[in-house]
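The structure appears right after this line, and notes come after that.
Residue numbers (the UniProt record's numbering): 1 to 586.
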């Protein structure tokens, strides 16, 4: 197949590396053929740059939905294909938002482009061997990333390591490989990338994959591979898990992969630029090139920038609500002293947003949270610039009556209401308080791998191997940065603490969807309604002060079907390839 490239796009990619913007999405228009590309090392570099465009980026994706919306973390305000997933009614014909998350067709197109490079690289007249090795390493990493995401959603998938042309015939009909074989292919690609990639780049190449990016991908796939979902007793379906072998050896490999990175972290560490635990955590997701980031998609607001502030901010700022935290998740944040929060505790219930885990304040916009200056049409309604997701009683002297007034960030807001939260919360994490999302775009990186994840991967594998002291140390390292007390617990209490840390340290970053499934806990967590909070500020007798009343409410029904542990193979792919076997229960 003759693939053509726009020379302006290729030049732009050479200059700006992996940064993503409108320009990268333009269709090839002009006259550079395959043959031309493989004659010119500069064009090959542009070819590799373009592979980064296929890395999924929720900060600019047109669907605007994040994995958060189909987990116990949150929901999406306007459905966007999440409803069929959350009610367990999705099918191979209607996968809802899993179509976008699973990305079967886009990833296989990207994998084909990776394979084309491998097949042609020896014909390119490189004079710079380091550049050649780097480009090969980047491509191995990217192919590993694409397969990692496919396998995480579907289980075993067809392993295709060569390109097909229009004359390939039935050779293009490839069966699904076993889950085990897919894991080994991803690990092999990661190992190739680790051997070829540099540890860092100069300013002109920020955003490219490094050796540590590949090490992080290897750590994740081996952790997943050792987990409960893929190691069920007496499993006989090799597409969705192991049918033999030694699980402890799998945990050992996961342990070693994480430990290799922690023992040789290069520039990477937990990010702590200030004395504030909340600010340290929040800035991980705002400060480009900070040392915690192992691999991320970068954005340039001058070219396009991110829309995450607009899509997820409060309606009282003319933002769109979008991915909303739910009470099921918010209630789980510990108190600052490490004790659990409990709505049945009168002291907790009277002041639910006081004295919580510092990450709560960096992740959740709640009623009364300080936020940025209101737009002109809302300034008089909120001179204090605090989130208003509840209602309050106001004494009307002219009528001598008490009236209820709804906050400007509610569905009865006088500003806008189509975009108001129905849970009583908005996402704070990822949002930049200095960006007015109504008019401007941000530069927040979408982080795919970061140092804290590797610490947690290491802790999980260490726990499975009985190395409690090592696991506890890694968990406490994460907690310390978060401003939480260290712990000395052991046994099941340590496992529970680990799962708490992973849930709240990695909140909204796309991990929870997979963690619930690989731990086989989705059935218990996703068969209850999504909940929100109803808040009433009730006037006291002095008609000046308030007592707040909180009521947990159901906002959306949910039902988890056992088939939901894996996404279905899209029906269109099965119709194109008769050798594809569908996942169980579809």
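Where a beta carbon is used, it is the ideal one built from N, C-alpha and C, also for glycine. The structure displayed is predicted, hence computed values, not measured ones.
(message) On the CB-based measure, 16 or more other CB atoms within 10 Å of its CB, does residue 440 come out buried or exposed?
(response) exposed
(request) State the CB to CB distance for the pair residue 172 and residue 164, rounded to an integer number of angstroms; the pair is presumed to be in contact (CB under 8 Å). (result) 5 Å
(message) Can you give me the C-alpha to C-alpha distance between residue 198 and residue 214, rounded to a whole angstrom?
(response) Rounded to the nearest whole angstrom, the CA to CA distance from residue 198 to residue 214 is 11 Å.
(message) Closest to residue 508 by C-alpha separation, out of 128, 159, 433, 326, would be which residue?
(response) 326
(message) Can you tell me whether residue 396 is buried or exposed? The criterion is at least 16 other CB atoms within 10 Å of its CB, across all chains shown.
(response) exposed
(message) Going by DSSP in three states, residue 251 sits in which element: helix, strand or coil?
(response) Here residue 251 sits in helix by DSSP.
(message) DSSP three-state label for residue 579, please.
(response) The DSSP-derived three-state label of residue 579 is coil.
(request) Select from 251, 60, 96, 333 the residue whose C-alpha is nearest the C-alpha of residue 499. (result) 333
(request) State yes or no: is the C-beta of residue 102 within less than 8 Å of the C-beta of residue 67? (result) no
(request) Identify, in the order they occur along the chain, each residue of the same chain with its Cβ nearer than 6 Å to the Cβ of residue 336, setting aside the five sequence neighbours on each side. (result) Non-local beta-carbon contacts of residue 336 in its own chain, meaning distances under 6 Å to residues more than five positions away in sequence, involve 355 in chain order.
(message) With H, G and I counted as helix, E and B as strand and the rest as coil, what does DSSP make of residue 550?
(response) Reduced to three states, the DSSP call for residue 550 is strand.
(message) Is the beta carbon of residue 454 closer than 8 Å to that of residue 258?
(response) For residue 258 and residue 454, yes; Cβs fall inside 8 Å.
(request) Determine, using beta carbons only, whether residue 217 and residue 141 come nearer to each other than 8 Å. (result) yes
(message) Within a Cβ cutoff of 6 Å, which residues of the same chain sit near residue 146, ignoring the five residues on either side of it in sequence?
(response) If we look at residue 146 and ignore the five residues flanking it on each side, its Cβ neighbours are 107, 110, 111.
(message) Going by DSSP in three states, residue 153 sits in which element: helix, strand or coil?
(response) helix
(request) State the start and end residues of the unbroken beta strand (DSSP E) segment that holds residue 392. (result) Boundaries of the beta strand (DSSP E) around residue 392: 391–396.
(request) Pick out whichever of 532, 544, 540 has its Cα sitting closest to the Cα of residue 551. (result) With distances taken between CA atoms, residue 551 lies nearest to 532 out of 532, 544, 540.
(request) Return yes when the Cβ of residue 582 is within less than 8 Å of the Cβ of residue 92, no when it is not. (result) The criterion of a C-beta distance shorter than 8 Å is satisfied by residue 92 and residue 582.
(request) Please name the residue in 35, 224, 373 whose C-alpha comes closest to that of residue 595. (result) One cannot answer for residue 595 here, as it falls past the ends of the chain, which runs 1 to 586.
(message) Considering only their Cβ atoms, is the gap separating residue 192 from residue 308 smaller than 8 Å?
(response) Here residue 308 is not near residue 192, since their CB atoms are 8 Å or more apart.
(request) May I ask you to verify whether the stretch 275–292 touches the stretch 481–497, counting CB pairs closer than 8 Å and requiring at least 3? (result) yes
(request) Locate the alpha helix (DSSP H) running through residue 360, then write down its first and last residues. (result) 358–363
(request) Helix, strand or coil for residue 348, going by three-state DSSP, please let me know. (result) If DSSP states are grouped into helix, strand and coil, residue 348 belongs with the helices.
(message) Would the stretch 130–144 count as touching the stretch 35–50 if we require 3 or more Cβ pairs under 8 Å?
(response) yes
(message) Can you tell me whether residue 311 is buried or exposed? The criterion is at least 16 other CB atoms within 10 Å of its CB, across all chains shown.
(response) buried
(request) Specify the secondary structure class of residue 104 as computed by DSSP and reduced to three states. (result) Here residue 104 carries a helix assignment [DSSP, helix/strand/coil].
(request) Take the Cβ of residue 143 as the centre, count every other Cβ of all protein chains shown within 10 Å, and call the residue buried at 16 or more, exposed below. (result) buried
(request) Kindly indicate the opening and closing residues of the alpha helix (DSSP H) around residue 523. (result) 522–525
(request) Report the option in 518, 468, 511, 512 whose CA atom is closest to the CA atom of residue 495. (result) Closest by alpha carbon: 468.
(request) Whole angstroms is fine: what's the gap from residue 417's alpha carbon to residue 315's? (result) 7 Å
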